[in-house]
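Residue numbering for the sequence shown is 1 to 432, as defined by UniProt numbering. Heads up, the beta-carbon is just placed ideally off N, CA and C, and yes, glycines get one too. Right, one structure below, let's go through it.
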Amino acid sequence: MGGVLKKPSEAYADDNISSPTIQLISTEHLDGVLEWRHRTFWDCVECGYPRSGYSWCQNCESYRFEQQFPHWTSGNIEIDDFIRTSQKNAQTSHDYLEWIPYDYFTEVEYLTSGGYGDVYSATWLEGPRWAWDETDQMRIRTGPRIVALKILDNSQNVSTDFLNEISSHHRCNPEGHVVFCYGISKDPTTNNYILVMDYAESFHEYVIARSTRIPWPKKLAILYDLALGLAALHSKSILHRNFHPGNIFLDARHQGYTCISDIGQYYPPDKDSNSKKLYGVLPYVPPEVLLGTAFTSASDIYGYGMIMWGVSTGRRPFADRPHDQSLASDICNSLRPKAAKGTPPSFVRLMKKCWDPNPSNRPDATELIGVLEDWLKELHNDNELSDIRAEFEAAEQHRTNGTSSAPSSPSMFHPLAIYTSRLLNFSNLKVW
1 MGGVLKKPSE AYADDNISSP TIQLISTEHL DGVLEWRHRT FWDCVECGYP
51 RSGYSWCQNC ESYRFEQQFP HWTSGNIEID DFIRTSQKNA QTSHDYLEWI
101 PYDYFTEVEY LTSGGYGDVY SATWLEGPRW AWDETDQMRI RTGPRIVALK
151 ILDNSQNVST DFLNEISSHH RCNPEGHVVF CYGISKDPTT NNYILVMDYA
201 ESFHEYVIAR STRIPWPKKL AILYDLALGL AALHSKSILH RNFHPGNIFL
251 DARHQGYTCI SDIGQYYPPD KDSNSKKLYG VLPYVPPEVL LGTAFTSASD
301 IYGYGMIMWG VSTGRRPFAD RPHDQSLASD ICNSLRPKAA KGTPPSFVRL
351 MKKCWDPNPS NRPDATELIG VLEDWLKELH NDNELSDIRA EFEAAEQHRT
401 NGTSSAPSSP SMFHPLAIYT SRLLNFSNLK VW
């Protein structure tokens, strides 16, 4: 590659530096950064510069990506620039997005329909460049990999705002408990764009619908994972804004971890996020947002509280009534689902705190992590019977005796109870 390679000052410009131990670093510390990378990741055998990640040289990989730029296009300049920027700045093998032609997928099968498009499973024939060739000392494709294809309806004219939200998801790719996004593709029939995601199982089907069969310690572990994911988002000043079970999955490839998807994608891809129109799933939208206040991290916590209720009961909130102006008004006036008989009192108190009408009274994600971690430790401490352990053991006895609430049957669902994202056009909502 010789003279085509970038100089170190170009390859490691300030806005490209990102490591777990070095943040907000200035140009005068560049030598220190390179020395840290040299000690941590060793030097690249090809160009001699320090690698930016394990088996990853930003200098060489950026050049390889740029050599391919003339050979592909998404058909949308903004999407092309978005993908190419992620590739030029990639500092690890998991730190960029790809343009993946649709004919690279086989065995495409319909899974479900979401608020803004259908979701399919597929086999990506090449797979990501995550494998390591020891002989050639370079990253190579893993081979066939099962992925999820999320079709974005009406995305032929995707908005800049929506790309910014996808960028938020990309920023969370390295985090655990967030569904990994490999890149973008395009449906050749409709010309709608597609998000290519890691395949994971439905949270509703595998957790909420089976809640009465899941032991309480496992329920807490699932909610703990979920709080970790939410904390990762909020630590980056990213809000989910559409936090409900349809955007949560179980990653079977990683020991069944709970993971979050659709980060920031709370409105259709062809719409402007500044339109002041509200989109979402009504039972998970907090009252202050229904009344016109902007989303905050406390808004996500409200949705978390509703998810706690679903995990504890095996039901969807307000499934027996229309999701209309009347329900929206009742939510604004403190209507919440009732806790199921046999639910641990401490769990109920935390759940109610999450959906408190006053956002400032809700715990943040870090507090949730601390509480759940303490509970899990007490449940696994056989040396003494604490009050918390006694509560959850009683709840577990209640569950195994078959006296817990049964999951909602189809007959219990009102036809106008809607659990996919949509426009929520309610006016004149008031607090009594």
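- Message: Between the alpha carbons of leucine 429 and serine 299, how many angstroms are there, rounded?
- Response: 18 Å
- Item | valine 281 beta carbon less than 7 Å from that of histidine 240 | no
- Message: Taking the beta carbon of threonine 343 as the centre, do at least 16 other beta carbons fall within 10 Å, making it buried, or is it exposed?
- Response: buried
- Got a sec? Which residues, its chain only, sit under 7 Å from tryptophan 99 by beta carbon, not counting five neighbours each side? Trp72, Ser74, Ile83, Gly183, Ile184
- Task: Return the first residue and the last residue of the beta strand (DSSP E) that glutamate 107 is part of.
- Result: 105 to 114
- Message: Taking only three categories from DSSP, how would you classify isoleucine 146?
- Response: strand
- Message: For a quick check, are the C-beta atoms of glutamine 91 and glutamine 58 less than 7 Å apart?
- Response: yes
- Message: Tell me the residue span of the beta strand (DSSP E) that contains methionine 412.
- Response: Careful: methionine 412 lies outside any beta strand (DSSP E) and carries neither H nor E.
- Task: Ignore the nearest five residues each way along the sequence and tell me which others in arginine 56's own chain have a CB closer than 6 Å to its CB.
- Result: With the sequence shown as reference, residue 56 is identified as tryptophan, and arginine is not the correct amino acid for it. Counting only Cβ-Cβ distances below 6 Å, and skipping sequence neighbours, we find Thr92, Ser93.
- Task: Report all residues from its chain with a CB closer than 8 Å to the CB of glutamine 367; omit the five preceding and five following residues, and keep chain order.
- Result: It is glutamate, not glutamine, that sits at residue 367 in the sequence shown. Contacts found: none.
- Task: Enumerate, from N- to C-terminal direction, the unbroken alpha helix (DSSP H) stretches of 4 or more residues contained entirely within the segment 44 to 97.
- Result: 58 to 68, 77 to 88
- Run of the beta strand (DSSP E) containing tryptophan 130, from where it starts to where it stops: Per DSSP, tryptophan 130 belongs to no beta strand (DSSP E) and is neither H nor E.
- Message: Counting C-beta neighbours from all protein chains within 10 Å, is the total for glutamate 391 16 or more, i.e. buried, or is it exposed?
- Response: buried
- Got a sec? Which residues, its chain only, sit under 6 Å from tyrosine 224 by beta carbon, not counting five neighbours each side? Leu372
- Exposed or buried, what is leucine 97 when buried is set at 16 or more other beta-carbons lying within 10 Å of its beta-carbon? buried
- Message: At the level of alpha carbons, what is the spacing between leucine 220 and leucine 423?
- Response: 32 Å
- Task: Report the residue from Ala227, Met412, Ile194 whose alpha carbon sits nearest the alpha carbon of residue 454.
- Result: Residue 454 lies beyond the stretch modelled for the chain, which goes from 1 to 432, so this question has no answer here.
- Query: How is glycine 342 classed by DSSP in three states: helix, strand or coil?
  - Reply: coil
- Beta-carbon gap between lysine 150 and valine 119 smaller than 7 Å: yes
- In whole angstroms, what separates the C-alpha of proline 345 from that of glutamate 384? 20 Å
- Message: By alpha-carbon positions, which one of Asp382, Ile331, Val179, Thr400 ends up nearest to arginine 148?
- Response: It should be pointed out that residue 148 corresponds to alanine in this sequence rather than to arginine. Of Asp382, Ile331, Val179, Thr400, the residue nearest in Cα terms is Val179.
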